[in-house]
Structures are given as C-alpha cells and as structure tokens.
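Each remark here refers to the structure printed beneath this line.
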Amino acid sequence: MKTETINQTEVGMSPAQLMLKRKWTDTLRVTLRAVVKVKGGLWGGIFISIMLLCAIGAQWISPSDPNAQDIMHRFAGPSFDHFFGTDYLGRDIFSRIIYGCRIAVMVAFGAVALSSIVGVFLGVMSGYNEGKKIDYFIIWLFDIVRSFPQIILALAIVAVLGPSLFNVVIALAFTAFPFYGRVARAQTLSVKEADYVKAAEAMGLTRLKIILRHITPNIMAPVIVCLGMDMATMIVWESGLSFLGLGVRPPTASWGIMLRNGYKYIQTSPGMILWPALAIAMAMIAFSLFSEGLRVALDPKERER
Amino acid sequence: MAEPLLEVSKLTLDYNLGNRKMRALDRISFRLDKGQVLGVAGESGCGKSTLGLAILRLLPRVAEIRRGEVLFNGTDLLKLSEEQMEREIRGQKITMIFQVPQNALNPVFKIETQMTDILRVQDKYQNPGSRKRRKDFRQQAIERLGSTGIADPAARVSNYPFEFSGGMKQRVMIGMALSSGTSLLLADEATTALDVTIEAQINRLITELADKYGTSILYITHNLGVLSEMADRIMIMYAGRIFEMGQTQSVLGNPRHPYSAALLESLPSRQTKGKRLLAIPGFVPPLDRLPSGCSFHPRCPFAEEMCRQEVPPLIEVDKGHWSACLLDQKRGRQKWKWI
Amino acid sequence: MEVDLIQIKNLKTYFFQGKGLLSKWFGQGLKIVHAVDGVSLTIKKGRTFGLVGESGCGKSTLGNTIFRLVEPLEGEVLFQGHDVVKMDQKELREFRQKSQIIFQDQFGCMNPRMTVGQIIAEPLMMRQGKQKNHQDISQEVAELLSAVNLDPDAAVKFPNEFSGGQARRIGVARAIALNPMFIMADEPTSGLDISTAATILNLMQDLQEKMDITYLWVSHNLNQVKYMSDDMAVMYLGKVVEMGQTKEVFDQMAHPYTRALISAVPQVSTGEQKQTIFLKGEIPSPINPPSGCYFRTRCPQVFKRCEEEEPPLLDLGGGHFCACHLHDGH
Numbered sequence: 001m002k003t004e005t006i007n008q009t010e011v012g013m014s015p016a017q018l019m020l021k022r023k024w025t026d027t028l029r030v031t032l033r034a035v036v037k038v039k040g041g042l043w044g045g046i047f048i049s050i051m052l053l054c055a056i057g058a059q060w061i062s063p064s065d066p067n068a069q070d071i072m073h074r075f076a077g078p079s080f081d082h083f084f085g086t087d088y089l090g091r092d093i094f095s096r097i098i099y100g101c102r103i104a105v106m107v108a109f110g111a112v113a114l115s116s117i118v119g120v121f122l123g124v125m126s127g128y129n130e131g132k133k134i135d136y137f138i139i140w141l142f143d144i145v146r147s148f149p150q151i152i153l154a155l156a157i158v159a160v161l162g163p164s165l166f167n168v169v170i171a172l173a174f175t176a177f178p179f180y181g182r183v184a185r186a187q188t189l190s191v192k193e194a195d196y197v198k199a200a201e202a203m204g205l206t207r208l209k210i211i212l213r214h215i216t217p218n219i220m221a222p223v224i225v226c227l228g229m230d231m232a233t234m235i236v237w238e239s240g241l242s243f244l245g246l247g248v249r250p251p252t253a254s255w256g257i258m259l260r261n262g263y264k265y266i267q268t269s270p271g272m273i274l275w276p277a278l279a280i281a282m283a284m285i286a287f288s289l290f291s292e293g294l295r296v297a298l299d300p301k302e303r304e305r
Numbered sequence: 306m307a308e309p310l311l312e313v314s315k316l317t318l319d320y321n322l323g324n325r326k327m328r329a330l331d332r333i334s335f336r337l338d339k340g341q342v343l344g345v346a347g348e349s350g351c352g353k354s355t356l357g358l359a360i361l362r363l364l365p366r367v368a369e370i371r372r373g374e375v376l377f378n379g380t381d382l383l384k385l386s387e388e389q390m391e392r393e394i395r396g397q398k399i400t401m402i403f404q405v406p407q408n409a410l411n412p413v414f415k416i417e418t419q420m421t422d423i424l425r426v427q428d429k430y431q432n433p434g435s436r437k438r439r440k441d442f443r444q445q446a447i448e449r450l451g452s453t454g455i456a457d458p459a460a461r462v463s464n465y466p467f468e469f470s471g472g473m474k475q476r477v478m479i480g481m482a483l484s485s486g487t488s489l490l491l492a493d494e495a496t497t498a499l500d501v502t503i504e505a506q507i508n509r510l511i512t513e514l515a516d517k518y519g520t521s522i523l524y525i526t527h528n529l530g531v532l533s534e535m536a537d538r539i540m541i542m543y544a545g546r547i548f549e550m551g552q553t554q555s556v557l558g559n560p561r562h563p564y565s566a567a568l569l570e571s572l573p574s575r576q577t578k579g580k581r582l583l584a585i586p587g588f589v590p591p592l593d594r595l596p597s598g599c600s601f602h603p604r605c606p607f608a609e610e611m612c613r614q615e616v617p618p619l620i621e622v623d624k625g626h627w628s629a630c631l632l633d634q635k636r637g638r639q640k641w642k643w644i
Numbered sequence: 645m646e647v648d649l650i651q652i653k654n655l656k657t658y659f660f661q662g663k664g665l666l667s668k669w670f671g672q673g674l675k676i677v678h679a680v681d682g683v684s685l686t687i688k689k690g691r692t693f694g695l696v697g698e699s700g701c702g703k704s705t706l707g708n709t710i711f712r713l714v715e716p717l718e719g720e721v722l723f724q725g726h727d728v729v730k731m732d733q734k735e736l737r738e739f740r741q742k743s744q745i746i747f748q749d750q751f752g753c754m755n756p757r758m759t760v761g762q763i764i765a766e767p768l769m770m771r772q773g774k775q776k777n778h779q780d781i782s783q784e785v786a787e788l789l790s791a792v793n794l795d796p797d798a799a800v801k802f803p804n805e806f807s808g809g810q811a812r813r814i815g816v817a818r819a820i821a822l823n824p825m826f827i828m829a830d831e832p833t834s835g836l837d838i839s840t841a842a843t844i845l846n847l848m849q850d851l852q853e854k855m856d857i858t859y860l861w862v863s864h865n866l867n868q869v870k871y872m873s874d875d876m877a878v879m880y881l882g883k884v885v886e887m888g889q890t891k892e893v894f895d896q897m898a899h900p901y902t903r904a905l906i907s908a909v910p911q912v913s914t915g916e917q918k919q920t921i922f923l924k925g926e927i928p929s930p931i932n933p934p935s936g937c938y939f940r941t942r943c944p945q946v947f948k949r950c951e952e953e954e955p956p957l958l959d960l961g962g963g964h965f966c967a968c969h970l971h972d973g974h
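Protein chains in written order, with the working numbering: chain A, 1 to 305; chain B, 306 to 644; chain C, 645 to 974.
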C-alpha cells in the first residue's frame, strides 16, 4: 500500500517535505513494485534488467572480445569456450550477442526518448491550443511526416546522413514522433476539459504551469505504454536497417548485422542467425510484458484505496 | 391473509473479495403483497441495491448467497435454474429499472430496435410458436411508448437515444419494464439523476402504470421524500440489516429506531435556517468488520451495554411496525431526540 | 449594513456551434446556445445567495462566467465595483485569490496524480509576496485539513483513496486556503448520503461564520437552498424568472415555474399529501428558445400576451422580483 511505503522513507525527511514533494525515488519504487505484481511484468522486468546489465557492463560480462577473429575455428558449434559457437570469421557469437545488447538498448532508449519528448511536447502544445494557428501547424507537420512510409523515410535519412548508430537513432526518432504527437494531442483534448484543469485556471495558474503540472502527467499513461511497445519495435527496426546495410557499420556487433551475416550461412551454421533472432524476439516480448505492467501500475484508478 | 407476492426469508449474502468477506445482506426478511409499493431506504453500502439484484440473481460471481429464500408466488427464485430465470422471470414477471437510463440504452441503435428486441424475446417465451412480424412488434413498441406519455410515439420510435432527454429515456425503460405481464418492478434510484420536475412526472407515471397493471413495486432510494409520497410501506436498511420496517406514515412519523430518527433529523427540510443539522457522528462500518451486537451501537448516543453484546432481532413492536432496536423492544416506545 | 459584493448586470453568455463550412453545407448552420440570456442580480456580502434551476437553465454557465472561465458576449460582473469581464491579467489574478469555486464533481476537480497535500498547497504556493517555505506551507495544509475535520496525515494520500464526503471536504479545504471573500459552491452535496451531506452543510455554515465568506449556492435541491440561503434566484433557460429573499420566494412563489418547481420537490410529510403541479412537456432546448416568455410552452397559466412579449423583471417590492406578465398591473 502506498502509505506504508511512504512511512518507510520518513526517516530523514521532514514532514514538510513528505507532504509536498514525493521524492521521485519513492514514486519509482512504488511503481516498480506495482508493475511486478502484474503477471509477466516481473519476467519482462527481469529480462530488461539483464539487457541493461549487458549493455552497460558488456566489457566485463562478455567472455571474449566480440571482434576477435579466429579463422581456424570458424563455424564452430557450441562449446565451453564459445557458448553459442563462432561465426564465419571465428568470432564468439555469445560475446557478440552481449555487445549487441548495447546497440539494441542505445537505439531503443535513444530513439524512443527523442521521439517521445519531441512528440509529446508538440502534441500537448497543439492540444491545449486547440483551434488556434499553432494547432493547425503542428498537425500539418505530423501529417506530412506520417504520409511517408516509415521504412522509406528511415532509409532516406540514413542514406543522406550516412550509416552510423547516431544517425539510426535520429532517423527512427523522426519517423516515430508524429505518433506520440497524435496520442498526446488526443489525450490533451480530453484532459483539458477536466474539472481540475478548470480549478487550476480559476486559481489563476499560468498556462505553462497548467500544462506542466496538470496536463502532462495525466496524459502520460497511454504514452508510457506506447514507449514500452515502441522500444521493442525500435530494436526490430534497427535490426532491419542493419540487415539492409544501412544501420550500424561493421564490425560493430549489432543483432541486425549478425542477421545480415548469418542468413547466408543458415544451412552450415544456423547458430549465426538463430541466436540474434532469438535475442530480438525475447527483447520484444520482454518490453511488451513490461509496458503492460507499467500501464496497470500507472493507472491511478487501479491504486488500492 | 392472502399469499404475498414476494416473501424473502433470512436472505444472507456475502461478497468474497480475496481474503475479505463482506456481509452485504444479513438475514433479510420481508414480504410484499400484490399491488403494494415497498420502499427500501438507506445510505450507501446498506445493501439496498444488492437486495434488488439478488432477487433477480444478477449479482457477479463473487457474491455468494449463503442462506435464505426468495419466494415469488410460492416459488423459491434462488432454486431456479439460470434458464428458468431467463425464460420466466427476468424481463417478464419481474423487471428492473436503474438510475442512469443513458447507460441502459445502446447509443448506436434506434429506440425501435432496442424495444422490439426485448418484445421479441418476451413474445418467444410467452407465446411460443407465435407468428408476429416486424411490423407487429413495431406497433407494440409505439403503443408502449405512447402509454408512457411520450408525444408522437410513431415518429419518436425511430430516434436514437441521444435524441432523447434523460426523462424520456427513463420513460422508454419504464415502458419496457411495466406491462400487463409484470408482477413486480424493482426500481433502483430510478429518478435520482433527473431534474425535480421531471422526477415528479416519472414517479407519477410509474404509479399510474403500476396501478393499471396491478404491479407491485420495490422502490429503492435514499430519498425519503420520494418514499413518503410513493410507498405504502417502507424499510430502512443499515450495513446489510433491516433496522425498521412498517407503514410509511408510521415509520416516518414515529420512528422507533434511533437511526431512522437520525436520518429524518438530518434533512434540511427539518431545520430552520441557521440551526445546525444533525450529523450522525462516526462512519458506516466496513462490511467485513461489523461491530459486535447492534452494528449501529458505536455511533448511537443511546447505546447501552446490551447493544454491544446482543444482535437485535427484527421484531414486530407494534401492529405492522417492526424495529431492530433492543432499547425499543425492551423499554417500549421512545422518542429519539438526537439534538 | 448590507454591502453589495457582486453585481451582475445584463450578462449574456452564448455558445456557438457549427461555425464551419461543413455545418453550413451539410448541417444546420450556425446554432447559438443561449446559455445565459441577460441575467442581472446582486449578491450581498456575508450572505448566501442560492441559485436554483433545472438542466439547461444556465446556472453552471453563469458561475463559470462570473469567474471568467468562459467569456461572456456582453454584460458586466462587478466584484467590489470592478468589472471582472474587463479585468487584465494582474487584476484577474487578484480577483481569483479572493474568490474560489467548490466544484460539483468532488473527485474530478482534483488532479489524480497529485497528493492531497500538494493539491491544497497549490493555491498557497501561488500567494503573492509571501515566502514559500515548505515547512510553513505544510503547517498551513495541516491546519486546513483539521479545519475541515480531516486527519492531517491525509496530506500524503491520493484523492482516490477517499470517500465522497471526504473528497468534498478536501475541495473545501483548498477553497478556503487563501481566506477568500467569495465562494461559489456548485452542487456541494451531490452524490452524498443524507448524513454526509448534513456534515458538509454544517461545516460550510461554520466556515461562513468564522471567516465571513459570501456564498453563491448553486443547487437543484430546493430544500437545501431554503435551508442555506438568505437570498435566491430561480433560473429557467438562461433567464432569471424570480428573485428575492429566500423566505419571500418560498412563501409567495410569484412565478408559475417557481410554484411548480417547489411543489414537485418530494417531501417527507406525515400529514396531508401536497398538491404537485405537473408541468407538461420537456424543457425546451436553449438553442431555439420560444418567443416571448420562455416558459410559456409549459406554463399552466399561459395567455396570449406570453407568446408575443417577453416579460421583464418586475419589482414586486422588498427586493422581490418576478418576470411574469401575471404580475403586471395591466
């Protein structure tokens, strides 16, 4: 129950701070606890934590250097040295998967963060000023970007900017921001009619404060669920782009590149394609489960009385 | 004495929520005769809505009927199969109308469609093998609408629910709920969401149609004023138990239970401007942690030791007037003055 | 001495629907909702002014217009002599610190993501000039919660953890935080049980005495308005049909609508049954109000003049006004 958690943090916090500023760590802890309670949320959370661990600590966790070639032992099957075997250049697949986590996480979090921040900001601006010129302008912007098929747009941007991790993030973020914008705008349209917004207006709050304090937190629930799902999608997109050769540049180990290398050898060394494919699938499932748990946890109506 | 239309005996019902067991109804017993209006009054959580739903067996799976009988024309409704309830009782002999009519009507279908759907089902059960056609049902729907006082029913029947006001939607529901086959109408806060002048019209309509068809009514509401005008007898509930029951004039005029007296004294119509209203101290207890003995004793200024120890039974303390207060039963009639 | 706190003069708030091209070509064109249609009234300081009427009468819109949550088409709202309609941002902010609203939806008026403490502290943090020390503010929040008979540790909880009556009290605590002169209470006891409602009514009376607050009491519950208000106005379809001291309005019931309204209220009575006047028909839409007197389509005492001429608010003496031709000498 929320109250007990608060009391646990009373030590060291004055009653004043207690009442007025719920520490974000506190909110975080309670939210995570709620997510874990949802079926699947726990497993999703565990897998994502593993991914984060791999991403951050790849150099310590990985048994070998992902780029170390060993031509003598290429296409090896699973062994004690190489849990997943080796690829066509004798590189350890297991290590490459772990380093691939890093790319996946960077793309997922990076692209999603960028697109959601820009998208939500524009969406709220547009929704709160419904009917005015800026609303029309922002919608027009969304519609233009959305009218391009996502893949064409992403490919075009990477082609122009050149393949690199950073550019992949930019490209993916650009294709995704209108989606967040639309969601944010739709939510804003209904939230701004709420009585508590009227109460804030009647109190004389400035429009900016109303947007930040009252509107934005209350539109975030569907946005956050989208974030979770989107991360999974971004990972798949990155692998798609890398598969086409327009993503991260070799020899960087990304799951997409591993797929690109591996599909040619699917009959001789299926491990080259199996493990990255599995990793991508698991990541997708994990993010989906976690984001569902997050949705339930963040719904104020589902909080216990 | 003629057999009552509805006789409920010792109906006891629990809501099983995880590890909590809420006793929503505790040994509820009462009778309702043909053509009578029985008002069920009480505040939130007293169980009045649950009672209505329990009679029609419309409660969710977490609700468990532990004990009791609901005799309708001699048949125990609790023992009927789901199919029998569907076929004979629900929507036919016993009907129910609810508080917010907009939730009862599907916004994407015309009124005509929704009414004829119900009429078709009723016809199927009541006249198996009937050969009525679409235009017969449409005609029936128009007649029903007309009988509820809606002007120009033939045109109105083709409208969508959003074209009807709250009062008109409630008339549609009443038109469907009250017909010659209805023996018992359950009305759950039927006019609470309506404006005052519309409320008066609707309640008058209900009374007229019920008189015409000989329908009995179980009128559930927290509005004592409405019951004072409409109900022959009245029943006051608190936390799942009946505290007082009897002729409306008796109960409202000479309340024998301190809670009933308190409810009456809390009404603004009872006080002049400037004087404080009675506000009963304390809170309604949660249904899984009822106090021992009389569930009202922690809030009752007249409570004594025995109120804490014994659960007061519902006893007939005067002709037709029942009360569940030990002090009233053992010491005789009191005037409960709270302020 | 009775001072006029708020004077409303000929206020009109209309809503416009269907302005676009599509409505012109395919729909029914421009529709004007006459939400508030020329209302004039005076609210005296320290007293309670009751505003009654049914759906569509415009009482909520009138309230919103007074606080400038909605812009009126014409008219004046004088608060202590200054016209709210014409105020600039700075003056408006001052006005809003002196007047507050208690909303009808006791849960909807609180941001579900803020704690109760944050909700009540919000107006305090906006105060001009004063220092915004957390320690002091939370002390004040605790005091406000006690003033409405709530446990101070409610401040760490969220609104959805409370019952209807408690949520209502949180709303009251927030409204009195800045010691306002004027509070509009919009259906303050809707959805509450009889005894919970009684608690709220007592609380609001106590606060009025202690803090000398002027109330605008908007309600469709006539018994409550009779109990709480000193003066009152009855609205129908955007217009005031009767206005005056509560006692007089209830005694005389000069307007046929007032008479029907009061007679329709269900009363607990053990004596004779009252005679309810049943109005025929439904409340007309405020988009196309009837010509002449708006009430004529349902009035049991309608006559020819009602269709042709709109009745002005006639002075019946003693501050009692009524808009009905029946009271016009000729």
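Glycine is no exception: its CB is placed at the ideal position from the N, C-alpha and C atoms.
None of the values given here were measured: they were computed from a predicted structure.
Burial of Lys353 (chain B) is indicated by the presence of at least 16 other C-beta atoms within 10 angstroms of its C-beta.
Judged by beta-carbon spacing, Lys656 (chain C) lies beyond the 8 Å limit of Gly694 (chain C), meaning their Cβ atoms are not closer than that value.
A buried status is given to Trp237 (chain A), since no fewer than 16 other beta-carbon atoms sit within 10 Å of its beta-carbon. Distance from the CA of Gln779 (chain C) to the CA of Val785 (chain C), rounded to the nearest whole angstrom, comes to 10 Å. Here Arg613 (chain B) is actually not in contact with Ile585 (chain B); their C-beta atoms are around 18 Å apart, not less than 8 Å.
Collapsing the DSSP output to three states places Ala368 (chain B) in a strand. Under the 8 Å Cβ criterion, the stretch 438 to 451 of chain B does not count as touching the stretch 356 to 364 of chain B, having fewer than three qualifying pairs. Taking the beta carbon of Gln868 (chain C) as reference, the chain B residues within 8 Å of it are Pro573, listed in sequence order. Rounded to whole angstroms, the separation of the alpha carbons of Val158 (chain A) and Phe414 (chain B) is 51 Å. Under the Cβ criterion of 8 Å, Ile650 (chain C) is not counted among the residues facing chain A. If you draw a straight line from the Cα of Pro270 (chain A) to the Cα of Leu246 (chain A), it is about 24 Å long.
By DSSP's assignment, Asn321 (chain B) forms a beta bridge with B:Lys326. The stretch 278 to 288 of chain A makes no contact with the stretch 28 to 38 of chain A, as fewer than three CB pairs between them are under 8 Å. Between the alpha carbons of Asp537 (chain B) and Cys630 (chain B) lies a gap of roughly 22 Å. Within the DSSP bridge table, the entry for Arg546 (chain B) names B:Tyr543 as partners.
At a cut-off of 8 Å between beta carbons, Gln741 (chain C) contacts chain A. If you draw a 10 Å sphere on the C-beta of Asp230 (chain A), you find 16 or more other C-beta atoms in it, and that means buried. Counting the other Cβ atoms within 10 Å of the Cβ of Ile394 (chain B) gives 16 or more, which makes it buried. Annotated three-state conformation of Trp60 (chain A) is helix, per DSSP.
At least 8 Å separates the CB of Asn708 (chain C) from every CB of chain B. Excluding the 5 residues flanking it on each side, Arg949 (chain C) has same chain C-beta neighbours closer than 7 Å at His969, in chain order.
Unbroken alpha helix (DSSP H) runs of no fewer than 4 residues, entirely contained in the stretch 563 to 593 of chain B, are found at 563 to 570, following chain order.
Under the three-state reduction of DSSP output, Ala171 (chain A) falls in the helix class. Against chain A, a Cβ distance below 9 Å from Asn755 (chain C) picks out Ala194, Tyr196, Val197, Ala199, Ala200, Arg213, His214, Pro217 and Asn218. Residues of the stretch 505 to 538 of chain B whose Cβ lies closer than 7 Å to any Cβ of chain C, in chain order: Ala505, Gln506, Arg509, His527, Asn528, Leu529, Gly530, Val531, Ser533 and Glu534.
Secondary structure note for Gln634 (chain B): it is in no beta strand (DSSP E), and the uninterrupted alpha helix (DSSP H) holding it is Leu631 to Arg636. Short of 6 Å from the beta carbon of Ala111 (chain A), and not among the five residues preceding or following it, lie these beta carbons of its own chain, in chain order: Val169, Leu172, Ala173 and Met234.
Across the structure, Ile402 (chain B) and Met420 (chain B) are spaced so that their CA atoms are roughly 14 Å apart. Taking 8 Å as the threshold, the shortest C-beta distance from Gly690 (chain C) to chain A does not fall below it. The beta carbons of Tyr543 (chain B) and Tyr564 (chain B) sit closer together than 8 Å.
Scanning its chain for C-beta atoms nearer than 8 Å, with the 5 sequence neighbours on each side dropped, one finds around Ile547 (chain B) the residues Ile333, Ser334, Phe335, Met540, Ile541, Leu619, Trp627 and Ala629, in chain order. Identification of chain B residues near Phe922 (chain C) by a Cβ-Cβ cut-off of 9 Å yields Thr502, Ala505, Gln506 and Arg509, ordered along the chain. Exclusion of the five residues before and after Arg325 (chain B) leaves Asp593 as the residues of its chain whose Cβ lies within less than 7 Å of its Cβ. Think of a sphere of 8 Å around the beta carbon of Gln576 (chain B): the chain C residues whose beta carbon falls inside it are Tyr871, in chain order.
Closer than 8 Å to the CB of Pro767 (chain C) there is at least one CB belonging to chain A. Asp648 (chain C) has C:Lys688 as its beta-bridge partners, per DSSP.
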